[in-house]
Structure formats: C-alpha cells, structure tokens
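Asks: Residue numbers (the UniProt record's numbering): 1 to 474.
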Ligand SMILES: [Zn+2]
C-alpha cells in the first residue's frame, strides 16, 4: 500500500473517531445516572423539592438566577440563564401542576451542565446559545396536585386571555427574551399507545400548529427538524415508544401561540412505561432529549433532517393502553359461552376504584399488566356476612377465598385484619352472573379444581401462592 494512502486512511480514521466525541449525539444511560438528581423519584414534585437543588447551583457562575415573578399564592418562580450566544432557547416545565416529570429532568440537566466532566460538551454550545430555563411554572398547582393554578384556571389555555399571573410571566419571558426555540415540557396520560402498536407512548413530541390549516412556516419547519433529531435519539434509546401528540390547532394554548409568534416550539410529553409509576424512564429520556437539543440547535445539525422524519412518527392512540388486561376468560350468559378479554382501569391516582372498562376481543390493546386466564372461568363475587368477630390472617383469608367468598359485608368492626393482602368490606357496584362494564373489578377466577385467583378491586391474587400478581404501585 502506498505510504500516502496509509496516511490518508490514518487521517480518515482519526477524523471519524474525533467527530462523534465533538457532536454529543446523546448522553448515555450510565452518564445520566451519574448526574441524576437524587430525591426526585416521586409521583409529584412540589416547590420545596426543587428549591434545595436550585440553591445548590445558585453560586455557580455558569448560572444566572433571577426571580421571574411569583405565583398567585406568592411562591417564587425562578428563571435560570445559561450561555451568551445569539441563538435563544426557552424551556419551561410543569405549567400543569400535576405534571412534574420534566421538572426533575431540568434539575438533572442543571447537574449535567454544571459537571466538570461535561465541560467539553458544555463549551461546545455555551457561546452559541442563550438558554433560559423556567422550572415549575405552576408551583401552586404542584402544591395541590392539580393541573390548574390556584384560581382554577388551566394556564395552558390562558395564552390569549392572560388572566393568570403564571401565564403572564411566561408570556413576558417570551416577549422579552424573544427565543428562537421554545421547549414546552408536559406529562401526558398513561393510556396513550404509539399508533397501532401495543406500546406505551413513553415520549410524545409535537411541533404545534399556528393555524387551523396546520401550515408549515420556517419556524415550525425548524421545530419539526429538531424533532427529527429527537426521533433518532429515541430510536437508539427506546425504539418503539415514541409518538406524536395531537396536532389540532389549539388557539388558547401557549405552544400554539408561541408557534404563531415565530418561535420554533417543541412540545415534549413525558408518558408512562411498564413498571415505572413515577415516570423515571420518561424523565431520563427528556433529559437526554434536552441535552441533545442544545447540541443540535447550537451546531445547526437539525437542519439536515427531512420533514419526512417528523411525519413518520406515529400519532398517539388514546386508550390504546390499559392498566390490566385479563385475556381469554370464559364467561357464559344464558347459555352463550365465550372467551373474552377484560380491560380494567385501576384509577391509581383517584379514588382507587378499579373498574371493568371493556369486554370482548381486546387484542389491539397494550397494557401495564396482563394475565392470561386460559382455562379459567368467571365466577361472581360472593359476600361473607359478618355476624360475629373474625380475625383474618393469610391462611384463613385464603381459605375463605377458595370457598368462593370475595368480600365481607356487615359490621366492619367485627373484622380484625391481620393480613397485608387486600381485603374488601362492603364493596359497591359488583358484577352479577357475567362481567359488566363500569362495575367493580372484583370477582373470582375458577376451573374444575375450584377457585384459583381472586380479583380484588383490580388486584389479582393467586390463591395457590398467596401472592398478588399486579400489586398497585408497580
Ligand atoms: Zn400538560
């Protein structure tokens, strides 16, 4: 081989090994875990959860903290400015108080930006971008676990009326800062599937429209191209779990309004994932998407994305995911036998009333929990009437369930519960001879050997093992 060719190959090799290190394609899971802010793995974050994290970064000269204003109930709302570049990026989280996943991601992002080991990445965009972060725009809603602010107003339907102090502050930040890019961070309901698949939409993205015709101007085109880069990241990190949010124009919403102001706006929705009640998977992905976006916006790399990459992302399918699917359960109504699937809604956040929501061929749905009931038949719930004191330990309780009792009625003070298994007292709305929609998810599953499982307010108890198959909270 001629020496010049060897030299060329060597140069080419060193070139291809240097370039990826400079372009920060994505933060690895291992790197992420190193910077993940402890103490935020919770279903709901409030202002006191993030105040210590912000305080810890306040003295860092990289970050310029200022108080943007305060909420209706006078909780401070902070903004953090980073970098000095000409391209401006505004990111805000938790304008819906009960959507805190991305607030944790912004705390993680602060840790990553502050990390000395990440200085090469940070320095690659610090003089190209001016980044403004507004974590937890709705601290009052966060405190009460509500979507709305303390006046009962949905801040994200207040972009035109501007009647909430929080909405006015966000509009003020956008009007004064004049961002090129806006990153609008939310949580979406856990029942969205990715298109026709049975996978959860763990992340959904959208470049919101600025009119009913969903026209694409230059600003929206850039947002779509940035989402193209986000799609590549998701394809590497968690293939199959990315969807696109509903793109119907929403005149009163901030994302759509900002899009109309010429801001390239990207909506990032954190969603559910199996065995991940606190959305820590979506939190990590949101952090990775944010970190990658800073690199891509600073370098202009997103501009290489074709719009077809954005268009190829499947839309969210509402109700495509169920909490619990019980498949192939034998039922019979007036001699009409069938094998059906049941979909159950566990209402984890609300009154914890598990309900039967759908019956039939439910093979098009995905679920957080699934149980194959082949060989088992529906047996209606049956009451054990309390008329004298009863102490319930594991073995006594399991014996009653095997006898076909599913719950207790009468004077609850007669019952002493000495088991950690779920026990139902005077439940309402039970199904009769066959499962019925919107009735309580409480019945028994039996075969010719007798009762094998009990479904107790949505929790499946295997009587032979004395074990819950889908304990709530997992
Ligand atoms: Zn939201």
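Even for Gly, the Cβ is constructed at its ideal location relative to N, Cα and C.
(1) Between residue 48 and residue 181, how many whole angstroms is the CB-CB distance? I'm expecting something under 8 Å.
(2) Any idea which residues DSSP pairs residue 332 with across the strands?
(3) Return the chain-ordered ranges of every beta strand (DSSP E) run that is complete within the region 243-322 and spans a minimum of 3 residues.
(4) Just the Cα atoms here: how many angstroms apart are residue 177 and residue 276?
(5) Report the partner residues of residue 407 according to the DSSP bridge assignment.
(6) Let me check one thing: in DSSP terms, what residues is residue 327 bridge-paired to?
(7) Using the rule of at least 16 other Cβ atoms within 10 Å of the residue's Cβ for burial, across every protein chain shown, is residue 93 buried or exposed?
(8) Does DSSP classify residue 45 as helix, strand or coil?
(9) Can you give the Cα-Cα distance for residue 155 and residue 27, rounded to whole angstroms?
(10) Using CA atoms only, rank isn't needed, just tell me which of 42, 244, 324 is closest to residue 460.
(11) Taking 7 Å as the limit between beta carbons, can you name the residues of its chain near residue 243, skipping five residues before and five after?
(12) Give the straight-line distance between the Cα atoms of residue 469 and residue 175, rounded to the nearest whole angstrom.
(13) Restricting to Cα atoms, I'd like to know which of 152, 172, 150, 400 is closest to residue 160.
(14) Based on the DSSP output, what are the partners of residue 460 in its beta bridges?
(15) Between the region 297-311 and the region 438-451, are three or more C-beta pairs nearer than 8 Å?
(16) Taking 8 Å as the cut-off, decide whether the C-beta atoms of residue 411 and residue 392 are in contact.
(17) Quick check on the DSSP output: the beta strand (DSSP E) that includes residue 124 runs from which residue to which?
(18) Just to check, is the beta-carbon of residue 99 closer than 7 Å to a non-hydrogen atom of ligand 1?
(19) Taking the beta strand (DSSP E) that residue 203 belongs to, which residues open and close that run?
(20) Buried or exposed, going by whether 16 or more other CB atoms sit within 10 Å of the CB of residue 456?
(21) What residue range does the alpha helix (DSSP H) around residue 139 cover?
(22) At the level of alpha carbons, what is the spacing between residue 39 and residue 286?
(23) When the Cβ atoms of the region 162-169 are set against those of the region 103-117, are three or more pairs found closer than 8 Å?
(24) Per DSSP, what are the beta-bridge partners of residue 57 in this structure?
(25) Starting from the Cα of residue 371, find the closest Cα among 421, 308, 454 and give me that residue.
(26) Tell me the rounded alpha-carbon separation between residue 421 and residue 319.
(27) Please report how far the alpha carbon of residue 340 lies from the alpha carbon of residue 166, in whole angstroms.
(28) With a 10 Å radius around its C-beta and 16 neighbouring C-beta atoms as the bar for buried, classify residue 88 as buried or exposed.
(29) Taking all protein chains shown into account, decide if residue 189 is buried (16 or more other Cβ within 10 angstroms of its Cβ) or exposed.
(30) My output table needs one value for residue 11: the three-state DSSP class, helix, strand or coil.
(31) Would residue 357 pass as a contact of residue 344 if the rule is Cβ separation under 8 Å?
(32) Would you call the CB atoms of residue 419 and residue 383 closer than 8 Å?
(33) At a threshold of 7 Å, does residue 187 count as lining ligand 1 (C-beta to nearest heavy atom)?
Replies: Looking at the atomic coordinates:
(1) In fact, because the Cβ distance is near 30 Å, the residues do not count as touching under 8 Å.
(2) Looking at the DSSP assignment, residue 332 forms a beta bridge with 337.
(3) Segments of the beta strand (DSSP E) lying fully in the region 243-322: 264-270.
(4) Each residue's Cα considered, the two are about 36 Å apart.
(5) 383
(6) 372
(7) buried
(8) coil
(9) 32 Å
(10) Of the listed residues, the one whose Cα sits closest to residue 460 is 324.
(11) 192, 194, 195, 201, 204, 313, 314, 315, 316
(12) Looking at the two C-alpha atoms, the distance is approximately 52 Å.
(13) 172
(14) 455
(15) Counting Cβ pairs under 8 Å, fewer than three are found: no touch.
(16) At a Cβ-Cβ threshold of 8 Å, residue 411 and residue 392 do not count as neighbours.
(17) It is not in any beta strand (DSSP E) - residue 124 instead sits in the alpha helix (DSSP H) that spans 119-125.
(18) Residue 99 Cβ: within cutoff of ligand 1.
(19) 203-206
(20) That one is buried.
(21) First-last of the alpha helix (DSSP H) with residue 139: 139-144.
(22) Roughly 18 Å separates the two Cα atoms.
(23) no
(24) Bridge pairing for residue 57: absent [DSSP].
(25) 454
(26) Cα-Cα distance, rounded: 30 Å.
(27) 49 Å
(28) buried
(29) Exposed, because fewer than 16 other Cβ atoms sit within 10 Å of the Cβ of residue 189.
(30) Reliability fails at residue 11, whose pLDDT of 45 lies under 50, so the model's placement of it is uncertain and no value is given.
(31) yes
(32) Contact: no.
(33) yes
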